[in-house]
Amino acid sequence: MKLLSVFCLLFLALATPALADSITLKFTGLSITNPGGQTTAAGVMGTDLVASSGPLMVKTPTSSITVTVGQNPFDTVWLFVAPNTPLASLDGYKISFNTEANGVAAGTVTAALSVRPDGVVVATILNPNLVFGALGRYFQLSFFITPNPVGVGPGNYDIQASLSEVPEPQTVVLLGLGLLVGAYFLRNRRLFA
Numbered sequence: 005m006k007l008l009s010v011f012c013l014l015f016l017a018l019a020t021p022a023l024a025d026s027i028t029l030k031f032t033g034l035s036i037t038n039p040g041g042q043t044t045a046a047g048v049m050g051t052d053l054v055a056s057s058g059p060l061m062v063k064t065p066t067s068s069i070t071v072t073v074g075q076n077p078f079d080t081v082w083l084f085v086a087p088n089t090p091l092a093s094l095d096g097y098k099i100s101f102n103t104e105a106n107g108v109a110a111g112t113v114t115a116a117l118s119v120r121p122d123g124v125v126v127a128t129i130l131n132p133n134l135v136f137g138a139l140g141r142y143f144q145l146s147f148f149i150t151p152n153p154v155g156v157g158p159g160n161y162d163i164q165a166s167l168s169e170v171p172e173p174q175t176v177v178l179l180g181l182g183l184l185v186g187a188y189f190l191r192n193r194r195l196f197a
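Under the working numbering, the first residue of the sequence shown carries the number 5, and numbering increases by one thereafter.
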C-alpha cells in the first residue's frame, strides 16, 4: 500500500508545473484604423506610444513590463474617447497592437468598435487569446476591455490582459494517473479498514 501511495504522489508531483518564471511583455505597433480604412500609427510621446484618430486616442508604455502566471490582470493599452463624441461616429474604428514576449513576437491583438441597432457602442476584441511558447512552456494571454465593453462612450477604457500557463498533454495525463491511483488507493483503504 505504501508503494502505491508513493506512485500516486510521484504522478501528482510530475504533473504539477514548476513555479512560473516571469515573462517580459512589450506592446508595440499601436495603431488606429478609422471607418474609411485609413490607419494612423503611434508615435513616441514622452514614455508612451500614442496614436489618435478622430475622437479616439490610444497609448501604451514604450517600456517592457514583467508579469507572472496568475497575477492580477494588468493594463496593456489605454483608450480614450473624446467628450461630446456622437456615438454613431465610433462605428467601424479598429485598434491594433503587437505583443512581444521575451523579445519574440507573440501576435497582434485587434479591437473593433461597432454600434448596435439600438445605438449602444460595443468594443470587441477580435482575437482575445494569444498562445505563445517561452521558457520551454506554453502560455496564454487573455485580453479584455474594462470597465465595460458594452455601452462605450466618452471616457477612459483599458485593454487589460492576464497570463496563464497552457498545460502540456503529458501534464494532463500524469495528473489523471495520479488522481486515478489516489482514488484506487483510497477505495482499497476503505474496503480493508
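Beta carbons are placed, not taken as given, at the ideal position from N, Cα and C, and that holds for glycine.
For L130, name the three-state secondary structure that DSSP assigns.
As a position in the sequence shown, residue 130 is number 126, starting the count at 1. Of the three classes helix, strand and coil, the one that applies to L130 here is coil, per DSSP.
Quick one: what's G155 bridged to in DSSP?
By one-based count along the sequence shown, residue 155 stands at place 151. In DSSP, G155 forms no bridge with anything.
Backbone secondary structure at Y188 - three-state DSSP
Here residue 188 corresponds to residue number 184 of the sequence shown, with the count starting at 1. Y188 falls in the helix class under three-state DSSP.
Look up S68 in the DSSP assignment and give the residues it is bridged to.
Taking the sequence shown and counting its residues from 1, one reaches residue 68 at position 64. S68 is not bridged to any residue.
Who does Q164 pair with in a DSSP beta bridge?
Residue mapping note: residue 164 aligns to position 160 of the sequence shown, counting from 1. Note: Q164 sits in a beta bridge opposite D79, F148.
Let me confirm a value: L23 is counted as buried when at least 16 other C-beta atoms fall within 10 Å, else exposed. Which label applies?
The residue labelled residue 23 in the question sits at position 19 within the sequence shown. Low per-residue confidence applies at L23: pLDDT is 47, beneath 50, and the placement is therefore not dependable enough to give any value.
If the criterion is Cβ atoms closer than 7 Å, does the pair L130 and G111 meet it?
For the purposes of this step, residue 130 is identified with residue 126 of the sequence shown, where counting begins at 1. For the purposes of this step, residue 111 is identified with residue 107 of the sequence shown, where counting begins at 1. Result no, Cβ atoms of L130 and G111 do not sit closer than 7 Å.
Which one or two residues does DSSP pair with Y142 in a beta bridge?
As a first step, residue 142 is located in the sequence shown; it is residue number 138 there, counting from the start. Per DSSP, G137, V170.
Tell me V113's beta-bridge partners as DSSP assigns them.
Position 109 of the sequence shown holds residue 113. Paired residue(s): F101.
From A86, N76, T51, V73, pick the residue whose C-alpha is nearest to that of G58; which is it?
Here residue 58 refers to the residue found at position 54 when the sequence shown is read from its first residue. Ranking the options by Cα distance to G58, first place goes to A86.
Bridge partner(s) assigned by DSSP for G74:
Translated into the one-based positions of the sequence shown, residue 74 becomes position 70. G74 pairs with nothing; no bridge assigned.
Figure out for me which residue from L53, L94, V54 has the closest Cα to the Cα of G40.
Indexing the sequence shown from 1 puts residue 40 at position 36. Considering only alpha carbons, the answer is L94.
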